[in-house]
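One structure is given below, encoded as structure tokens.
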Amino acid sequence: MSAPATVSERLDALPFTRRHRRLLFGSGVGWALDAFDVGLVAYVLVALKAQWDLSATEQSWIASVGFAGMALGATLGGLLADRIGRRQVFALTLVVYGLATGAAALSWSLTALLVFRFLVGLGLGAELPVASTLVSEFAPRRIRGRVVVVLEAFWAVGWTLAALVGFWLVPTSDDGWRWALALGALPAVYAVVVRWGLPESVRFLLARGRTAEASRVVAEFEAAAGRSSGVPLVPDPPDPAGQGIWTGDLRRRTAGLWLVWFFVNFSYYGAFTWIPSLLVADGFTLVRSLEFTLLITLAQLPGYAVAAVLVEAWGRRRTLSAFLVGSALSALAYAAADAPGSVLAAGMALSFCNLGAWGALYAVTPEVYPTSVRGRGAGAAAGFGRIASILAPLSVPVLAGGGGTTLVFVVFGAAFAVAASASFLLPERRGLALD
3 MSAPATVSER
13 LDALPFTRRH
23 RRLLFGSGVG
33 WALDAFDVGL
43 VAYVLVALKA
53 QWDLSATEQS
63 WIASVGFAGM
73 ALGATLGGLL
83 ADRIGRRQVF
93 ALTLVVYGLA
103 TGAAALSWSL
113 TALLVFRFLV
123 GLGLGAELPV
133 ASTLVSEFAP
143 RRIRGRVVVV
153 LEAFWAVGWT
163 LAALVGFWLV
173 PTSDDGWRWA
183 LALGALPAVY
193 AVVVRWGLPE
203 SVRFLLARGR
213 TAEASRVVAE
223 FEAAAGRSSG
233 VPLVPDPPDP
243 AGQGIWTGDL
253 RRRTAGLWLV
263 WFFVNFSYYG
273 AFTWIPSLLV
283 ADGFTLVRSL
293 EFTLLITLAQ
303 LPGYAVAAVL
313 VEAWGRRRTL
323 SAFLVGSALS
333 ALAYAAADAP
343 GSVLAAGMAL
353 SFCNLGAWGA
363 LYAVTPEVYP
373 TSVRGRGAGA
383 AAGFGRIASI
393 LAPLSVPVLA
403 GGGGTTLVFV
413 VFGAAFAVAA
423 SASFLLPERR
433 GLALD
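Its first residue numbered 3, the sequence shown is counted upward by one per residue in the working numbering.
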């Protein structure tokens, strides 16, 4: 019998197998469904402004209330993931936000829609950090960053689907926005696939003393690679007793993560929730506004592709800071744009850079924490970031009233610059074992 091997040693020794692909795709579909729901809001706002005669402030309420739910959901989801498991929370959150989205399609008033959107956010906020944590804990260390960026790229798939539905379905009738939201109920069905089709985190199972289950899961991944080591499985070295995300060496990491998450959320959701409406306010027709938004959204995909390469070639921190600087410059270019062509070019550059930054951020977030606090650490960072998601849509009408689209994007550019500076507080974890 060979010497016992730790979880990290066993999983990091594997190639990328069909079991990894199944986990990545299964988690990615849930991720794309999340993006689909969030992305639809921008198109629903445009439709409801006309149908319900909403003011800019009321529109911002609809956008922000979902992020309020996400702030609470991310924090609770991270805590639950460390207590009952990553897969369990992933499936539960899909049910919550899928059912709430379907209910939102039946909204009879602004108040009803706000309540349902809060519940949607509750599920969405909990799901995202949990899914990235689950995938990160299985990926071999030599490609772990790339795998998580590919997971994040499913966000662009979902957002693109939202753009297509928003472009083709929402304007077709007064009930177009209702049919669009009704499609968002699909995650409730997909939760069954997640619950029974995806594995639970081996590291979580061992932390809970469920050694037999953990060994079985590792053996399944090894069998997919044509290996059968027969090596006894032992946990990774234990985390320091009583460790919290604001203690010891983790304090600096947590501060850096929270700052990056906050300012990236502020700029991303402020910009992309309001771009269709801002284009209309700047004189574009509704159809042209939705067309531009679709093209801007498509630029997300190459942003993820480049980030997936750079996180392993350059490292997480360097890639993150580079894309954040690019986002800041793109936002300033959008602020200065004075013609349709330059508006579209700056918007696509912003989309490319911003989503590349998101990919790198999701890659680095689970890596900076040990297993015992990984879920709550990632969830707390995401939850703090969602506070900015609440503030951003509310701030856009105020900023636009004071200085138009120019002031809006100057502020977003400054926020990206602050995030780029904060990224240097994070450690570089490329090529290192997760624990």
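Every residue, glycine too, gets a C-beta built ideally from N, C-alpha and C.
Taking buried to mean at least 16 other C-beta atoms within 10 Å of its own C-beta, is D84 buried or exposed? Position 82 of the sequence shown holds residue 84. Burial call: buried.
Rounded C-alpha distance that separates G87 from T213: Counted from its first residue, the sequence shown places residue 87 at position 85. Counted from its first residue, the sequence shown places residue 213 at position 211. Approximately 14 Å between the Cα atoms of the pair.
Is the beta carbon of G361 sitting closer than 8 Å to the one on V151? The residue labelled residue 361 in the question sits at position 359 within the sequence shown. The residue labelled residue 151 in the question sits at position 149 within the sequence shown. Cβ atoms of G361 and V151: closer than 8 Å.
For T8, the three-state DSSP class (helix, strand or coil): Walking along the sequence shown from the start, residue 8 turns up at place 6. Correct three-state label for T8: strand.
So, for P395: in the same chain, excluding its five sequence neighbours on each side, which residues have a beta-carbon less than 6 Å away from its beta-carbon? Here residue 395 is taken as the residue at index 393 of the sequence shown, counted from 1. S62, A65, S66, T275.
Under a three-way DSSP split, which group does W263 fall into? One-based indexing of the sequence shown puts residue 263 at position 261. Here W263 sits in helix by DSSP.
CB-CB length for Y192 against G32, believed under 8 Å: Mapped onto the sequence shown, residue 192 falls at position 190. Mapped onto the sequence shown, residue 32 falls at position 30. Right, the Cβ-Cβ distance comes to about 6 Å (below 8 Å), so this counts as a contact.
Excluding the five sequence neighbours on either side, which residues of its own chain have a C-beta within less than 7 Å of the C-beta of W248, listed in chain order? Counting from 1 along the sequence shown, the entry for residue 248 is found at position 246. Closer than 7 Å at the Cβ level, and outside the excluded window around W248, lie T256.
Length of the line joining the Cα atoms of P429 and Y364: Taking the sequence shown and counting its residues from 1, the one referred to as residue 429 is at position 427. Taking the sequence shown and counting its residues from 1, the one referred to as residue 364 is at position 362. When rounded, the distance between both Cα atoms is 14 Å.
Coil, strand or helix - L56 by DSSP: Position 54 of the sequence shown holds residue 56. Note: L56 maps to coil in three-state DSSP.
First through last residue of the alpha helix (DSSP H) which encompasses P395: Along the sequence shown, one-based indexing puts residue 395 at 393. Note, P395: alpha helix (DSSP H), 373-424.
So the candidates are L42, Y371, V375; which of them puts its Cα closest to the Cα of R119? The residue you call residue 119 lines up with position 117 of the sequence shown. Checking every option, the nearest Cα to that of R119 belongs to L42.
Would you report the Cα separation of S344 and S203, rounded to the nearest angstrom? Here residue 344 refers to the residue found at position 342 when the sequence shown is read from its first residue. Here residue 203 refers to the residue found at position 201 when the sequence shown is read from its first residue. In a straight line, the C-alpha of S344 is about 46 Å away from that of S203.
What first and last residue would you give for the alpha helix (DSSP H) that runs through E369? Looking up residue 369 in the sequence shown gives position 367. Where E369 is concerned, there is no enclosing alpha helix (DSSP H), given that its DSSP letter is neither H nor E.
Proximity to A327 [Cα-Cα], best of A419, T162, T77, A76: As a position in the sequence shown, residue 327 is number 325, starting the count at 1. The residue you asked about is not Ala; residue 327 is Val in the sequence shown. Taking only the C-alpha atoms, the option nearest V327 is A419.
N267 to S10, Cα distance in whole Å? Mapped onto the sequence shown, residue 267 falls at position 265. Mapped onto the sequence shown, residue 10 falls at position 8. In a straight line, the C-alpha of N267 is about 32 Å away from that of S10.
Determine whether the beta carbon atoms of R76 and Y306 lie at a separation below 8 Å. Taking the sequence shown and counting its residues from 1, the one referred to as residue 76 is at position 74. Taking the sequence shown and counting its residues from 1, the one referred to as residue 306 is at position 304. Position check: residue 76 holds Ala in this sequence, whereas Arg was assumed. Against a cut-off of 8 Å, the Cβ pair of Y306 and A76 comes out as no contact.
Compute the beta-carbon to beta-carbon distance between A73 and I392, rounded to the nearest angstrom, for a pair I have assumed lies under 8 Å. Walking along the sequence shown from the start, residue 73 turns up at place 71. Walking along the sequence shown from the start, residue 392 turns up at place 390. A73 to I392, Cβ: 7 Å. Contact.
Closest to L93 by CA distance: which of A15, L200, Y45, H22 is it? Against the sequence shown, residue 93 aligns to sequence position 91. In the sequence as presented, Leu is not what sits at residue 93; that position holds Ala. For the residues A15, L200, Y45, H22, the minimum Cα distance to A93 belongs to L200.
Which same chain residues end up closer than 6 Å to G377 when comparing Cβ atoms and leaving out the 5 residues on each side of it in sequence? For the purposes of this step, residue 377 is taken as residue 375 along the sequence shown, with counting starting at 1. G80, A83, D84, T135.
For W452, does the three-state DSSP call read helix, strand or coil? Any question about residue 452 goes unanswered here, given that the chain covers just 3 to 437.
Does DSSP classify A443 as helix, strand or coil? Past the boundaries of the shown model lies residue 443; the chain is included only from 3 to 437, so the question cannot be answered.
Same chain, Cβ closer than 7 Å to A301, neighbours up to 5 away in sequence not counted: On the sequence shown, residue 301 is found 299 positions in, with the first residue counted as 1. Cβ neighbours of A301 beyond the five flanking positions: M350, S353, F354.
Three-state class that DSSP yields for I247 in the structure shown: One-based indexing of the sequence shown puts residue 247 at position 245. Residue state, collapsed to three classes: coil.
When you compare only the Cα positions, how much space is there between F426 and T113? Your numbering for residue 426 matches position 424 in the sequence shown. Your numbering for residue 113 matches position 111 in the sequence shown. Taken atom to atom, the span from the alpha-carbon of F426 to that of T113 is near 42 Å.
Which same chain residues, not among the five before or five after E215, have their C-beta less than 6 Å away from its C-beta? Taking the sequence shown and counting its residues from 1, one reaches residue 215 at position 213. Excluding sequence neighbours, E215 sits near L207.
Alpha helix (DSSP H) segments (min. 4 residues) lying fully within the stretch 101-183: The DSSP assignment places 112-138, 146-170 as complete runs of the alpha helix (DSSP H) inside the stretch 101-183, in order along the chain (cut-off: 4 residues).
Selection from S29, R218, F169, E222 that minimises the alpha carbon distance to L292: Locating residue 292 in the sequence shown gives position 290, counting from the first residue. Of the listed residues, the one whose Cα sits closest to L292 is F169.
Are L280 and T407 close, meaning C-beta to C-beta below 8 Å? As a first step, residue 280 must be located in the sequence shown, where it is residue number 278. As a first step, residue 407 must be located in the sequence shown, where it is residue number 405. The criterion of a C-beta distance shorter than 8 Å is satisfied by L280 and T407.
Rounding to the nearest angstrom, what Cα-Cα distance links D177 and V40 in this structure? Residue mapping note: residue 177 aligns to position 175 of the sequence shown, counting from 1. Residue mapping note: residue 40 aligns to position 38 of the sequence shown, counting from 1. Inter-residue distance for D177 and V40 is about 19 Å (C-alpha atoms, whole angstroms).
For the stretch 312-332 against the stretch 90-104, are there 3 or more C-beta pairs whose distance is under 8 Å? no
What would DSSP say about F27, mapped onto helix, strand or coil? The sequence position of residue 27 within the sequence shown is 25, counting from 1. Three-state result, F27: helix.
Alpha carbon to alpha carbon, how far is E129 from F38? As a position in the sequence shown, residue 129 is number 127, starting the count at 1. As a position in the sequence shown, residue 38 is number 36, starting the count at 1. If I take the Cα positions, the gap works out to 14 Å.
Is the separation between the beta-carbon of A402 and that of F265 shorter than 8 Å? Counting from 1 along the sequence shown, the entry for residue 402 is found at position 400. Counting from 1 along the sequence shown, the entry for residue 265 is found at position 263. Contact flag unset, no.
State buried or exposed for E139, treating a residue as buried only when at least 16 other CB atoms are found within 10 Å of its CB. In the sequence shown, counting from the first residue as 1, residue 139 sits at position 137. Classification of E139: buried, given that the 10 Å Cβ count is 16 or more.
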